[in-house]
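Worksheet for the structure shown next.
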Amino acid sequence: METLCFSLLISSSKERVWSILWEDASFEDWASIIDEGTIKKGKIEEGEQVVFMSMNGGYGVNSLVKTCVPNELVVFFHHTDTQSFGQQERDDEWSGSIESYELSEINGQTKLMLTTQVPIELVDVFNERLPLALKRIKTLAEN
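Heads up: the sequence shown begins at 3 in this note's numbering, then just goes up one per residue.
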């Protein structure tokens, strides 16, 4: 795994950015830039299980919400890779990785910082797609 970190400033409140990150329709909008057809199932609440899955291929990951401070921080521990729309486990590609979204206010703007661990073979893909997804979050939050 390799750790990647990205951040950007958004001219919107932390509450608005948080809702863009985790409400189903807006999540599917920006997350599909990373992996087309991505959805999430489950609650973004500390201790809850969330499944992130591609509706196009049926591949996904089961994650534990390790930390959740609404409008400020969420940390996911990806513990099981799945296939067949979550019905079967698959080879560990993401298992054991951590992903976090941190929001802070800076001069009336919201700084969004995304830190994620990705498999070495996907570093180039995520270095390309994550900045595009963050730009989409910014656009959604500012409109």
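Positions of the beta carbon are idealized from the N, C-alpha and C atoms, including for glycine. In this text, all values refer to a predicted model and were calculated from it rather than measured experimentally.
Presumed contact (8 Å Cβ cut-off) between residue i and residue j, rounded CB distance
i	j	result
Glu107	Lys42	Contact doesn't hold; Cβ gap of about 26 Å is too wide.
His81	Leu66	6 Å
Phe8	Pro133	6 Å
Asn58	Glu30	About 12 Å; that fails the 8 Å criterion.
Gly44	Gln51	6 Å
Whether residue i touches residue j by CB criterion (7 Å)
i	j	result
Ile36	Ala135	yes
Leu11	Lys113	yes
Trp96	Val63	yes
Ser28	Thr40	no
Beta-carbon contacts of residue i that lie in its chain and below 7 Å, excluding the five residues immediately before and after
i	result
Cys70	Ile46, Glu47, Glu48, Val76
Trp24	Ile46
Lys140	Leu10, Ile12
Arg131	Ile35, Ile36
Gln111	Leu11, Ile12, Ser13
Exposed unless 16 or more other CB atoms sit within 10 angstroms - verdict on residue i
i	result
Thr118	buried
Ser13	exposed
Asp83	buried
Cβ-based neighbour list, residue i, same chain, cut-off 8 Å, excluding 5 preceding and 5 following
i	result
Phe128	Leu6, Ile36, Thr118, Val120
Val125	Glu4, Leu6
Close Cβ partners of residue i (< 6 Å) along its chain, the five nearest in sequence each way excluded
i	result
Ala33	Thr40
Lys68	Val77, Phe79
Ser102	Val77, Thr117
Met115	Ser9, Glu104
Ile22	Ser28, Ile139, Leu142, Ala143
Please give the ranges of any beta strand (DSSP E) in the stretch 42-81, keeping only runs that are unbroken, at least 3 residues long and fully inside the region.
51-56, 62-71
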